[in-house]
Amino acid sequence: MTSDQPAHAGPVYRAAAWASLAVMRAQRWQFDVEGGEHVPRSGGAVIAANHTSYWDFITVGRYPFLELGRPVRILAKESLFRAPIVGTVMRRAGHIPVRRGAGRVALGAAVDALRDGELILVMPEQTISPAFDLLDIKQGPAHMARAAGVPLIPAVSWGSHRFHTIGRLPRLRWKLPVTVRFGRAVETDNGATPRQLTDVLTDRLRELLRTAQRDYPDGTPQGAWWVPASLGGSAPTLDDARVHLEALTERWRHDRRRSRQRAASRRTRRTDV
9 MTSDQPAHAG
19 PVYRAAAWAS
29 LAVMRAQRWQ
39 FDVEGGEHVP
49 RSGGAVIAAN
59 HTSYWDFITV
69 GRYPFLELGR
79 PVRILAKESL
89 FRAPIVGTVM
99 RRAGHIPVRR
109 GAGRVALGAA
119 VDALRDGELI
129 LVMPEQTISP
139 AFDLLDIKQG
149 PAHMARAAGV
159 PLIPAVSWGS
169 HRFHTIGRLP
179 RLRWKLPVTV
189 RFGRAVETDN
199 GATPRQLTDV
209 LTDRLRELLR
219 TAQRDYPDGT
229 PQGAWWVPAS
239 LGGSAPTLDD
249 ARVHLEALTE
259 RWRHDRRRSR
269 QRAASRRTRR
279 TDV
């Protein structure tokens, strides 16, 4: 049964959230947020957002936390949970690890949280888009929203990649404009398949992102490294970004194979003993 009571942030979540927000406040980032009315005040929902920087989780989760008092549980790659300090914080803050190629456990945990009335934040492109345009959207958010019977909310963040993104070290950005847009929910109780829901989600994300880019206070300067090639910037093209993702996917597969081989070897050694 789905709870109508919003979850409350625990002490570790609050401490981590305020520390992250302090980094942005110290630089006086200029936030422009629209569509907050689409985020429910109570009850479960999946927020599916684009991924251009290491800070998207924070820029998108900022509004529900500050304005609605609602923490968001993040689905993040499992390797983060094994990292020193960061992993401890991620676990104690209640976020959900996703193991590449073994997402069923994470999906089950997310559905349980949604049924308990929590907000789940996921980046369904799988990785940061080097093109700063939308990569192919995976069906995971649609599956979990449909299974839990909750809305699927599109969201985009634009601007924080200028501070810290893939292949670039963090660089202080004084009064950096950051645009966040939440779109109207994709209803999941209409009998549509996960593929159909994902197609609708993709269309809404693409529209929100184009609007955010078009209305961005600093514009889209021609040749700028942080502007998509489709808008005249010098970022990699979407085709280049897809090649990058294919290489990452092959590396993930290789790492999974090695992990299985090591596990099998350990089991064999124990049996021999």
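Residue numbers (this note's numbering): 9 to 281.
Think of the CB as a built atom: it goes at the ideal place given N, C-alpha and C, for glycine as much as any other residue.
Quick caveat: nothing in here was measured; it's all calculated off a predicted structure.
- Cβ-Cβ distances below 6 Å link W233 to S242 in the same chain, with the five nearest sequence neighbours on each side left out; the list follows chain order.
- In this chain, E75 is not harboured by any beta strand (DSSP E); it is covered by the alpha helix (DSSP H) spanning 64 to 76.
- For V31, no pairing in a beta bridge is given by DSSP.
- When the Cα atoms are used, F171 and P178 turn out to be separated by approximately 5 Å.
- Selection E215, A56, L143 evaluated against L160 yields A56 as nearest (Cα-Cα).
- Counting other Cβ atoms within 10 Å of its Cβ, Q221 reaches 16 or more and is therefore classed as buried.
- The way I'd put it, the segment 187 to 200 does touch the segment 138 to 158; three or more beta-carbon pairs between them come closer than 8 Å.
- Within the segment 124 to 163, the beta strand (DSSP E) runs of at least 3 residues that lie entirely inside it are, in chain order, 127 to 130.
- Rounded to the nearest whole angstrom, the C-alpha separation of A118 and D141 is 27 Å.
- R81 has I128 as its beta-bridge partners, per DSSP.
- Under DSSP, F39 forms a beta bridge with V186.
- Rounded to whole angstroms, L76 and R49 show a C-alpha spacing of 6 Å.
- Taken atom to atom, the span from the alpha-carbon of E45 to that of T276 is near 56 Å.
- With respect to the 8 Å criterion, V54 and P138 are not classified as neighbours on the basis of their beta carbons.
- Looking at the backbone, the Cα of R274 and that of T257 are separated by about 26 Å.
- Restricted to the segment 162 to 234, the alpha helix (DSSP H) segments that are unbroken, complete and at least 4 residues in length are 202 to 222, listed in chain order.
- Note: V119 is not bridge-paired with any residue in the DSSP secondary-structure output.
- It is roughly 27 Å from the alpha-carbon of A27 to the alpha-carbon of D226.
- For the 8 Å CB-CB criterion, I136 and H103 do not form a contact.
- The beta-carbon separation of V186 and Q38, rounded to 7 Å, stays under the 8 Å limit for a contact.
- With respect to the C-alpha of P72, the residue from K85, M32, A17, G116 having the closest C-alpha is A17.
- Less than 8 Å separates the beta-carbon of V20 from that of A101.
- Secondary structure at A243: coil, using DSSP grouped into helix, strand and coil.
- Annotated three-state conformation of R99 is helix, per DSSP.
- Note on geometry: alpha-carbon atoms of W63 and M32 lie some 10 Å from one another.
- Beta bridge pairing from DSSP links I104 with L83.
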